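Numbering (UniProt numbering), first residue to last: 1 to 140.
Written out as structure tokens, the structure is:
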């Protein structure tokens, strides 16, 4: 499993090159049977004007990890995965360090999937709780 895990993480990180995920320094760091975990540094690049993590950056992180999880847990070679709805509750501010987004499947349908993405700080405190609905469209 460890070799398989490293390959999945390597592919996820490789496809982020030249994208918004690279701009935000999002890195995929762990994967399991039913989750995908990514981290993002909290720096002025992702701050709002008063110096705390911008909610939009949190949502971008959540959608990135949820969509990547859909790609992994559905056959990404057979389907295009698109986010169709995202909702976020921001419950705590953070000024520096890292945030961690863990996407876990709540519903895995043939066409739509529902993901819960919990964003936490380095001490495991909840920063944002997000839900993402994705759709799998067949490649033709």
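Think of the CB as a built atom: it goes at the ideal place given N, C-alpha and C, for glycine as much as any other residue. Predicted model, so just to flag it, every value in this text is computed and none were measured.
Could you tell me the boundaries of the alpha helix (DSSP H) in which residue i lies?
| i | result |
| --- | --- |
| residue 7 | 2 to 14 |
| residue 93 | No alpha helix (DSSP H) holds residue 93; DSSP gives it neither H nor E. |
| residue 61 | 55 to 73 |
For residue i, report the span of its beta strand (DSSP E) as first-last.
| i | result |
| --- | --- |
| residue 116 | 112 to 121 |
| residue 23 | It is not in any beta strand (DSSP E) - residue 23 instead sits in the alpha helix (DSSP H) that spans 20 to 23. |
| residue 131 | 126 to 138 |
| residue 41 | 35 to 42 |
| residue 31 | 27 to 32 |
I'd like the list of long-range same chain contacts for residue i, defined as Cβ closer than 7 Å, with 5 residues on each side in sequence excluded.
| i | result |
| --- | --- |
| residue 116 | 104, 106 and 131 |
| residue 111 | 135 and 136 |
| residue 8 | 31 and 72 |
| residue 27 | 13, 38 and 39 |
My assumption, with CB atoms under 8 Å, is that residue i sits in contact with residue j. Please give the rounded CB distance.
| i | j | result |
| --- | --- | --- |
| residue 58 | residue 135 | That belief does not hold up - the Cβ atoms of residue 58 and residue 135 are roughly 22 Å apart, past 8 Å. |
Just to confirm my understanding: we take residue i, look at its own chain, exclude 5 residues before and 5 after, and list those with CB closer than 6 Å. What are they?
| i | result |
| --- | --- |
| residue 101 | 38, 61, 62, 65, 117 and 119 |
| residue 88 | 59, 128 and 130 |
| residue 22 | 16 |
| residue 29 | 37 and 39 |
Got a sec? Which residues, its chain only, sit under 8 Å from residue i by beta carbon, not counting five neighbours each side?
| i | result |
| --- | --- |
| residue 53 | 42, 46, 47, 93, 94, 95, 99 and 127 |
| residue 122 | 97, 98 and 100 |
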